[in-house]
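The letter at position 53 of the sequence shown is residue 1462 when you use this note's numbering, and the numbering goes up by one with no holes.
Even glycine gets a Cβ: it sits at the ideal position worked out from N, Cα and C.
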Amino acid sequence: MPASLPFRILVVDDLTDNLFLLQTVLEAEGYEVDTADNGRSAIEKVESSPPDLILMDVMMPGMNGYEATQRIRQNQAIPFIPILLVTAHEEAEAIQGLALGANDFIRKPIEFDKLLSRIEAFLRFRQNAYSP
């Protein structure tokens, strides 16, 4: 799906192996990928250079994915960015994340075909919603 200018995705996870795996898969699909290893770093990157989509782990030390999502949504200076939270937790946790502003959840273990389909759908929607 990536057009002439690749879509930028910010992947946020405190585990280096997860960051590497997601970055490798997404770059192989033609996306430009930036990474952050915690919620604070993610917010700083979003504020300085907003990506087209955020893929964020829920369980991280310090600031978790829920809190980072909430802070991103509360900052009026940040344009709308689809946020997909990655979690191994149950449905009740998903409801909390959606209430805080997440757009969708990806369950662990990640099914990459499903992940790529959801990313493509959100990026297509975002592109169509903000195109003249």
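Could you check if residue i is buried or exposed, using at least 16 other CB atoms within 10 Å of its CB as the buried criterion?
| i | result |
| --- | --- |
| Leu-1462 | buried |
| Asn-1512 | buried |
| Thr-1478 | buried |
| Ala-1412 | Here the model assigns Ala-1412 a pLDDT of 48, short of 50, so the residue's position is not dependable, and the following value carries that caveat. The residue is exposed, with fewer than 16 neighbouring Cβ atoms inside 10 Å. |
| Ile-1492 | buried |
| Thr-1425 | exposed |
With a threshold of 8 Å on Cβ separation, who are the neighbours of residue i within its own chain once the five nearest residues in sequence on each side are excluded?
| i | result |
| --- | --- |
| Pro-1459 | Ile-1487, Pro-1488 and Ile-1490 |
| Leu-1428 | Val-1420, Asp-1422, Thr-1444 and Asp-1446 |
| Phe-1531 | Leu-1462, Pro-1491, Leu-1493, Asn-1512 and Asp-1513 |
List the whole-angstrom C-beta distance separating residue i from residue j, where the pair is believed to meet the contact cut-off of C-beta under 8 Å.
| i | j | result |
| --- | --- | --- |
| Val-1455 | Leu-1494 | Contact doesn't hold; Cβ gap of about 15 Å is too wide. |
| Leu-1464 | Leu-1431 | 7 Å |
| Leu-1533 | Leu-1509 | What sits at residue 1533 in the sequence shown is Arg, not Leu. No, Arg-1533 and Leu-1509 are not in contact; Cβ-Cβ is about 24 Å, not under 8 Å. |
| Glu-1438 | Leu-1525 | 6 Å |
| Ala-1503 | Phe-1514 | 5 Å |
Could you tell me whether any non-hydrogen atom of the ligand SAH is closer than 8 Å to the CB of residue i?
| i | result |
| --- | --- |
| Asn-1447 | Among the components of this structure there are no ligands whatsoever, and the ligand SAH is therefore not found. |
Roughly how many angstroms separate the alpha carbons of residue i and residue j, rounded to a whole number?
| i | j | result |
| --- | --- | --- |
| Gln-1536 | Phe-1416 | 10 Å |
| Pro-1470 | Ala-1497 | 16 Å |
| Thr-1433 | Gln-1485 | 32 Å |
| Pro-1518 | Arg-1527 | 15 Å |
| Arg-1516 | Tyr-1475 | 15 Å |
| Arg-1480 | Glu-1453 | 11 Å |
| Gln-1505 | Lys-1523 | 22 Å |
Which same chain residues, not among the five before or five after residue i, have their C-beta less than 6 Å away from its C-beta?
| i | result |
| --- | --- |
| Ala-1451 | Val-1421, Ala-1445 and Ala-1477 |
| Leu-1435 | Ile-1418 and Val-1442 |
In chain order, what residues of the same chain lie with their CB nearer than 7 Å to the CB of residue i, ignoring the 5 residues before and after it?
| i | result |
| --- | --- |
| Asn-1473 | Gly-1448 and Val-1467 |
Check your understanding: Does the stretch 1416 to 1423 touch the stretch 1440 to 1449, meaning 3 or more C-beta pairs lie closer than 8 Å?
Key -> Contact holds: three or more Cβ-Cβ distances are below 8 Å.
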